[in-house]
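Residue numbers (mature numbering (1 follows the signal peptide of the UniProt record, and there is no 0)): -27 to -1, 1 to 770. Every residue gets a Cβ at the ideal spot worked out from N, C-alpha and C, and that includes glycine.
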C-alpha cells in the first residue's frame, strides 16, 4: 500500500484496518538489499514504495534501536517547498520523524500506521507553520491514533525562526551544547549531513545581507563557546556572513597523518611502547609490516620500530610518562610496564582468585545458614568456639575468607548487652545471629587499599616472592591459590589471607585495566593507520582564529568531512547503544530530487550520514571514508536510506563493494582522504662515486659506492616501514663513453650495510675500458623510484 497515493477508503474502514493491527505494506527487500559480510557487519537498504513509506521504515529502525522508548513523533512536510523546515528537524533527538502526506486519506492512514507500529508515541509535534503542516493534517493523524494525547508545534515567522525554535527544543536550557554548526539558510544540502551531530545546534544563516534577528539573538544567548563549525565553502556561506555572527574563522587541521613521516613514526613508537611496555617494545626490531600485509587483528604479533635491544628489563614503572623511545632503558624503575602484559597477568590471576573466592563464599553461605538454623547466639562467639558445631564452622569460614584476627572477630558483651558485634550481626532482643558485619569487612578492605591506613602493610606473600601490599599482590604471579599466604600481620586485626579484599580490589583493577588496555591498543592502531597514510585532503580551511570551516569540493565531500569531524571531535547520541559502539553509518541521497530521504535520516543518531548520488559514481571522499569505517569496525552496520529511484542499485553495489573489500581501498585506513597525490621522488637522491680502476680478473671487486647511503637508507626504510632488501636498491650497467666494456660486467651487488657496489669484470675486457652504472631506489608510499646520475668507471689497464 502506498501512503502517498490517494485512497478511496472511508474513515470507518481505516479504523477497522487499525483495529486489526494492519500496517501499510513496506516494499519487500530485493536481492542485494540485505547482506551479511563474511568478516562481520551488514548492509541494509531501508526504504518504502515512496518517500513517506521510507520515512516510516527509518522511524521503525530508530524505534527498535531505542527499544520503543521515544514518545514524541515530529511531523514534517513531505512537500518540496518546506524541506528546509523538515531539514532542521534533524536536531531533535527525542522523537521519531514522519513525513505527512498532503491528502487526508494518507494522513488518516499514517495515524493508523503509527497506532499499530509506534504505540509508544503519545505526542505529535508539527515542524514549521501551518502552511508546512496544517492543523487539519495533525488532527487527521491524531484522529486515527488513540494513543496520542497531546499535540504541539515548533514554528516561526520564517525558516530562521523555526530553526531557532527547533534548536531550543532540541537543547533545552542550552544543555549539551559544546559547539555550534552554521549552514546556509536557503540551501539545505549541507545541513542534511549534520542531522547526526549531537553536540550542538545547526543554525541556518542568511547567505547575504543582514542576519535574521532570531538567529543572532539565539546565538548571543548561548554559553560562551570556543568551538564551532561552518558547513560548506565560501560559495555556500561566505566569511563575511559568518563573521557577522562568529567574528572569525580559523584553519583547523586535526588530521594526524598530515604530520611528517618522522613525526608519524615517533607516534607509532610511543604508542607501541605504551601498549606493549618499554621492555617488550624496545626488544622489537626497528621495522614495521608493509601496509598491504598489515592486519589489525594481528596487531600484537608485529614489530613497531623497536630498538632491537637484546637484554630483558623487568620494568616496574606504572607511569606512562616514563616511556622513552629515544634510548634503550635499562633502569627497571624507569621502564614502564605497559598494558598488554599486565592485562594478561591480571586475567590469569583473576581466574585463580575468583575460583578461590567462590569456594570460600559458598562455604561461608552454608556456615551462616546453619548458624541461623541452630540459632547461634552472641555469647557463643565471644572467642573462637571449640568443636565442630555450627558456631565453630561459621567462625572458621569467616576467618578463611577475611583472615581476621580473633580480636577483630569476637563479640563483646557487657552487662548482658552486645557492645561490639565483631564480625557478626545479631538480633538485639534474642541475640541470635542474623548475618555478618559487612561494614567491618569493608573497613578492613579500605584500610588495605590505596590511601588507607594499612596501604603499605605487606600482608600478603605469593610463592617465594617477597611480602607484598594488597595493591602489589594484584599483579603478583599467582599460579594457584596455594601460592598466596599471609605476610605481615596487622596487630589485633589481620593474621591470615583476606581473600575477599584481594578479590574485590583485583576485580576493580581488572575493569580499570581492561579499559586502559583497550584505549592503548586503539591508540596504537590509530598511530599505525596514520603512519601508513599519505598526505590527504585538508579537513578544514579558513583564516583567522576561533572557528573553523568544513569546506568540501561538493556536497558529498562536505558530508564526508563532517563525518570525519564528528568521529574526531563530536559524538553520536545513541552511538553507545549499538554494537559495536559508534559502529554504524547511513547513506542517503544527495540529489536535489531526493533530499527528503536525507532529512528523515537525520533522526538516526548513532552514526554519520554520508551523501551519495542517485546514480553514477560515489564521491571518492565518501567511498573511502565508508571503507575506513568498515576497516575500523569489522562489524559495521551500514544502512542505505531510500529506494532504487533515490539511490540506484548501481550506487548500492559500489558501496557494497567498498564494504566487502575495505582493506583493498587506497585510503581505507585513513580518515576519508582523497586519492594520494602523484608520487614524488625521495627528497634525497643517491649520489655515486666510481672506484679507481677496478681489476678485471673475474672476481667480485668494488666498482663504486653510494656516498650518501646512510641518508638514502633511512628515507627508504622510513617509507617502506621495514628493513630494505636487495630489490629496493637496483644497479644497472650501461655503455661507456669510449672503449665500452659494459658487456663484460656481471653479478652486480649492493652491500646493504654500507652502500658499496661490487661486480665481476671479465679478464677479456679491454684494458682501461669504460662502462657506466646507475642506482635506482625503489619508491614506497608517496615516493616514486628515484635514480642517481649515471657515473662512469674506467677499469684497470
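Go ahead and label residue 342 buried or exposed: buried means 16 or more other beta carbons lie within 10 angstroms of its beta carbon, across all protein chains shown.
-> With fewer than 16 Cβ atoms within 10 Å of its Cβ, residue 342 is classed as exposed.
Quick one, which of 326, 737, 653 has its alpha-carbon nearest residue 756's?
-> It is 653 whose Cα lies nearest to the Cα of residue 756.
Which two residues bound the contiguous beta strand (DSSP E) that contains residue 277?
-> Taken as a continuous stretch (DSSP letters only), residue 277 belongs to no beta strand (DSSP E), as it is neither H nor E.
From 606, 607, 614, 565, pick the residue whose C-alpha is nearest to that of residue 583; which is it?
-> Nearest in C-alpha terms to residue 583, of all of 606, 607, 614, 565, is 614.
From residue 124 to residue 67, what distance separates their C-alpha atoms?
-> Approximately 15 Å between the Cα atoms of the pair.
Delimiting residues of the beta strand (DSSP E) encompassing residue 98 | From DSSP, the beta strand (DSSP E) with residue 98 extends over 96 to 100.
Close Cβ partners of residue 276 (< 6 Å) along its chain, the five nearest in sequence each way excluded = Around residue 276: 257, 258, 260.
If we ignore side chains and look at the alpha-carbon of each, how far apart do residue 524 and residue 532 end up?
-> Cα to Cα, the separation comes out at about 10 Å.
Can you tell me whether residue 159 is buried or exposed, with buried defined as 16 or more other CB within 10 angstroms of its CB?
-> Around the beta carbon of residue 159, fewer than 16 other beta carbons sit within 10 angstroms, so the residue counts as exposed.
Would you check if there are 3 or more beta carbon pairs closer than 8 Å linking the segment 423 to 440 to the segment 289 to 304?
-> In short, these stretches do not touch, since the Cβ pair count stays below three.
For residue 110, which three-state DSSP category applies?
-> Annotated three-state conformation of residue 110 is helix, per DSSP.
With burial defined as no fewer than 16 other Cβ atoms inside 10 Å of the residue's Cβ, what is the status of residue 238: buried or exposed?
-> Buried, because 16 or more other Cβ atoms sit within 10 Å of the Cβ of residue 238.
What number of angstroms, rounded off, separates the C-alpha of residue 683 from the C-alpha of residue 702?
-> Computed Cα separation, rounded: 13 Å.
Segments of 4+ residues assigned as alpha helix (DSSP H) that fall wholly inside the segment 386 to 433 = Listed in chain order, the alpha helix (DSSP H) elements of length 4 or more contained wholly in the segment 386 to 433 are 411 to 421.
Taking only heavy atoms of the ligand MN into account, decide whether any of them is closer than 7 Å to the Cβ of residue 605.
-> Looking at this structure, you won't find the ligand MN or any other ligand, since it has none at all.
Is the Cβ-Cβ distance between residue 668 and residue 674 less than 8 Å?
-> Against a cut-off of 8 Å, the Cβ pair of residue 674 and residue 668 comes out as a contact.
Any idea if residue 146 is buried or exposed, counting beta-carbon neighbours within 10 angstroms, 16 or more meaning buried?
-> Exposed, by the Cβ-count rule.
Assign residue 306 to buried or exposed, taking buried as 16 or more other Cβ atoms, counted over all protein chains shown, within 10 Å of its Cβ.
-> By the neighbour-count rule (16 or more Cβ atoms within 10 Å), residue 306 is not buried but exposed.
Where does the unbroken beta strand (DSSP E) through residue 559 begin, and where does it stop?
-> That run of the beta strand (DSSP E) goes 557 to 562.
For the beta strand (DSSP E) holding residue 749, just list the boundary residues, first then last.
-> Taken as a continuous stretch (DSSP letters only), the beta strand (DSSP E) holding residue 749 covers 743 to 750.
Over what stretch of residues does the beta strand (DSSP E) that includes residue 707 continue unbroken?
-> Taken as a continuous stretch (DSSP letters only), the beta strand (DSSP E) holding residue 707 covers 702 to 708.
Bounding residues of the beta strand (DSSP E) (the contiguous stretch that carries residue 459) | Looking at the DSSP string, the run of the beta strand (DSSP E) that includes residue 459 is 457 to 459.
Enumerate in chain order the residues of its own chain whose CB-to-CB distance from residue 379 is below 6 Å, with the five nearest sequence positions on each side excluded.
-> Residues 357 of the same chain have their beta carbon placed closer than 6 Å to that of residue 379, with the five preceding and five following residues left out of the count.
Going by beta carbon distance, what residues of the same chain come within less than 7 Å of residue 490, once the five residues before and after it are set aside?
-> Only 312, 313, 316 meet the Cβ criterion.
Three-state secondary structure (DSSP) of residue 689 | In the structure shown, residue 689 sits in a helix (DSSP, three-state: H, G or I).
Could you check where the beta strand (DSSP E) with residue 124 kicks off and where it finishes?
-> From DSSP, the beta strand (DSSP E) with residue 124 extends over 123 to 127.
Alpha-carbon spacing of residue 475 relative to residue 414, whole angstroms = Going by the C-alpha atoms only, they are around 12 Å apart.
Spatial neighbours of residue 187 within its chain, please: CB distance less than 7 Å, with the 5 preceding and 5 following residues excluded, ordered by chain position.
-> These residues qualify, in order along the chain: 129, 133, 134, 137.
Determine the DSSP secondary structure at residue 462, reduced to helix, strand or coil.
-> Coil at residue 462, not helix or strand.
In terms of alpha-carbon separation, which member of 117, 71, 100 lies closest to residue 84?
-> The candidate whose alpha carbon is nearest that of residue 84 is 117.
Contact check, residue 262 vs residue 694, beta carbons under 8 Å = Closer than 8 Å, so yes.
Which residue from 657, 607, 590, 43 puts its Cα closest to that of residue 628?
-> Across the set 657, 607, 590, 43, the C-alpha of 590 shows the shortest separation from the C-alpha of residue 628.
Coil, strand or helix - residue 191 by DSSP = Three-state DSSP puts residue 191 in a helix.
Does the segment 487 to 503 touch the segment 167 to 185, meaning 3 or more C-beta pairs lie closer than 8 Å?
-> Cβ pair count under 8 Å is below three, so no.
Distance, Cα to Cα, residue 377 vs residue 348?
-> The straight-line gap separating the alpha-carbon atoms of residue 377 and residue 348 is approximately 23 Å.
Sub-8 Å separation of residue 734 and residue 745 beta-carbons = Their beta carbons are not under 8 Å apart, which means residue 734 does not touch residue 745 by this criterion.
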